[in-house]
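Enquirer:
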Ligand SMILES: [Zn+2]
C-alpha cells in the first residue's frame, strides 16, 4: 500500500476487478464504512475462493458449501487477508455489493452510501495484528478521501441476517489504532502529494545540491539552498526517516509563511502552497 488512492483505487495493492458493482446514486454520498468477515470454505484461510466468489468464478464442485453460494453476485471494495495482504475488487466511488438488504439510521440499502471491507476471518477466532494495522491505515485514508461519518459492522445494519464481523472483532482496539495512526498516515499522504505536485510542476530535482550545502546550520538551510531544495532534500527525507523509525513527528511547525515568501515570484505554486499549509495543520492535530 502506498497511502494513495487514485480514481477510487488504493495504489500498490492487488487489484482484481469484480463484475459485481454498479453506480452509486448521485444523491447519496459515501458516509459509512462497513466491516465484514468472510472465509471460504467457512473457517478456512488462505485459499483463492473469496477472490473467486467476488469475481463470479467459484466452482460449486470444489466444496459442498460452495454449491450453496456460487451463484451469489457479491463483492466488496477490499478484502484483507490474515497476513495483511489487501485486495481491491471495486473502486471506492462505485457501489460494491457487500451489505445486501440493510438499514442504517433510517436509510435502506447501505451499499448505496458505504464502503465495504471484508476481513478474512470468522465469528469464532481472533483477527490478526496485521489485519488490524492494515485496516486502521486504510480507514484513515478513506476518512480523508471520502466523507465517512460512521463505521459499523455488517451485523449492525442487517441484524436479523448477519453476525459478522463477529464477537472476536476488537472494536476498541481498532478505533484506538485509527486515532493513533491518524497523524502519521495523513502526514505520509501529504508528503506524497507534495512530491507529486512538485514533480508535476517540474520542481522536483533529479540531482542533489552539493554536499556542503547540507552542512548549513541555518533554519531552512537558507544560506545554502533554495526553499524547494530544502523541502525536497532535507525536510521530506527527514520526515520519512522519522516515520520509518516510528519516532514522534515534530509538532506544530509552520513552513507555509517561509514558502509563501520564498515562492512569491514563482508561477503555478498555489496548489503546492496549499499542500504545505495543510502539512502545517497536520502537525498541530489538536488545533
Ligand atoms: Zn458481511
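Numbering (this note's numbering), first residue to last: 933 to 1219.
In this text, a Cβ means the ideal position worked out from N, Cα and C, and glycines have one as well.
#1: Between the C-alpha atoms of residue 978 and residue 1054, what's the straight-line distance to the nearest angstrom?
#2: Taking 7 Å as the cut-off, is the beta-carbon of residue 1209 closer than that to any non-hydrogen atom of ligand 1?
#3: Chain D beta carbons: is any one of them nearer than 8 Å to that of residue 1069?
#4: By the 10 Å Cβ neighbour count, where 16 or more other Cβ atoms means buried, how is residue 1108 classified, buried or exposed?
#5: Is the closest heavy atom of ligand 1 to the C-beta of residue 1096 under 7 Å?
#6: Are the CB atoms of residue 1006 and residue 990 nearer to each other than 8 Å?
#7: Going along the chain, which residues of its own chain have a beta-carbon closer than 8 Å to the beta-carbon of residue 1155, five neighbours each way excluded?
#8: Please list, in chain order, all residues of the same chain as residue 1073 whose beta carbon is under 7 Å from its beta carbon, the five residues on each side excluded.
#9: For my contact list, residue 1179 and residue 1113 are in at a C-beta cut-off of 8 Å; report their separation, rounded to the angstrom.
#10: Along the chain, where does the alpha helix (DSSP H) containing residue 1188 start, and where does it finish?
#11: According to DSSP, simplified to helix, strand and coil, what is residue 1132?
#12: Going residue by residue through the region 1084-1119, where are the continuous beta strand (DSSP E) segments of at least 3 residues, counting only ones entirely within it?
#13: Using 10 angstroms around the beta-carbon of residue 1138, count the other beta-carbons present and answer buried if the total reaches 16, otherwise exposed.
#14: Which stretch, first to last residue, makes up the alpha helix (DSSP H) that contains residue 984?
#15: Please go through the region 969-1030 and give each complete beta strand (DSSP E) segment of 3 or more residues, from N-terminal end onward.
#16: Out of 1057, 1168 and 959, point me to the one whose CA is closest to residue 1136's CA.
#17: Straight-line CA distance for residue 1003 to residue 953?
#18: DSSP puts residue 966 in a beta bridge; with which residues?
#19: Report all residues from its chain with a CB closer than 8 Å to the CB of residue 1141; omit the five preceding and five following residues, and keep chain order.
#20: Check whether the Cβ of residue 1086 sits closer than 7 Å to any heavy atom of ligand 1, and report yes or no.
#21: Based on Cα-Cα distance, which residue from 965, 1021 and 1206 lies nearest to residue 945?
#22: To the nearest angstrom, how far is the alpha carbon of residue 1096 from that of residue 1075?
Expert: According to the structure shown:
#1: The residue labelled residue 978 in the question sits at position 46 within the chain shown. The residue labelled residue 1054 in the question sits at position 122 within the chain shown. Across the structure, residue 978 and residue 1054 are spaced so that their CA atoms are roughly 13 Å apart.
#2: Here residue 1209 refers to the residue found at position 277 when the chain shown is read from its first residue. When distances are taken from the beta-carbon of residue 1209 to the heavy atoms of ligand 1, even the shortest one reaches 7 Å or more.
#3: Reference to chain D is not applicable here, since this structure consists of a single protein chain.
#4: Counting from 1 along the chain shown, the entry for residue 1108 is found at position 176. Under this definition residue 1108 is an exposed residue.
#5: On the chain shown, residue 1096 is found 164 positions in, with the first residue counted as 1. Yes; taking the cut-off as 7 Å, the Cβ of residue 1096 has a heavy atom of ligand 1 nearer than that.
#6: The residue given as residue 1006 occupies position 74 in the chain shown. The residue given as residue 990 occupies position 58 in the chain shown. It is not a contact, given that the beta carbons lie outside the stated cut-off.
#7: If you number the chain shown from 1, residue 1155 lands on position 223. So the list reads 1148, once near-sequence residues are dropped.
#8: By 1-based counting over the chain shown, the position of residue 1073 is 141. If we look at residue 1073 and ignore the five residues flanking it on each side, its Cβ neighbours are 935, 937, 1117 and 1121.
#9: The sequence position of residue 1179 within the chain shown is 247, counting from 1. The sequence position of residue 1113 within the chain shown is 181, counting from 1. Actually they do not touch by this definition, with Cβ atoms about 15 Å apart.
#10: The sequence position of residue 1188 within the chain shown is 256, counting from 1. That run of the alpha helix (DSSP H) goes 1188-1194.
#11: Within the chain shown, residue 1132 is the residue found at index 200, counting from 1. Three-state DSSP puts residue 1132 in a helix.
#12: none
#13: The sequence position of residue 1138 within the chain shown is 206, counting from 1. With fewer than 16 Cβ atoms within 10 Å of its Cβ, residue 1138 is classed as exposed.
#14: Counting from one through the chain shown, the residue named residue 984 turns up at place 52. Here the alpha helix (DSSP H) through residue 984 covers 981-986.
#15: 1010-1012 and 1018-1020
#16: As a position in the chain shown, residue 1136 is number 204, starting the count at 1. Measuring from the Cα of residue 1136, the nearest candidate turns out to be 1168.
#17: What you label residue 1003 is simply residue 71 of the chain shown in a count that begins at 1. What you label residue 953 is simply residue 21 of the chain shown in a count that begins at 1. Cα atoms of residue 1003 and residue 953: separation of roughly 15 Å, rounded to the nearest angstrom.
#18: In the chain shown, residue 966 corresponds to position 34, counting from 1. Beta-bridge pairing links residue 966 to 1048 and 1084.
#19: Taking the chain shown and counting its residues from 1, the one referred to as residue 1141 is at position 209. These residues qualify, in order along the chain: 1156, 1157, 1161 and 1165.
#20: Position 154 of the chain shown, counted from the first residue, corresponds to residue 1086. Yes, the Cβ of residue 1086 comes within 7 Å of a heavy atom of ligand 1.
#21: Translated into positions along the chain shown, residue 945 becomes position 13. Considering only alpha carbons, the answer is 1021.
#22: Within the chain shown, residue 1096 is the residue found at index 164, counting from 1. Within the chain shown, residue 1075 is the residue found at index 143, counting from 1. Looking at the two C-alpha atoms, the distance is approximately 22 Å.
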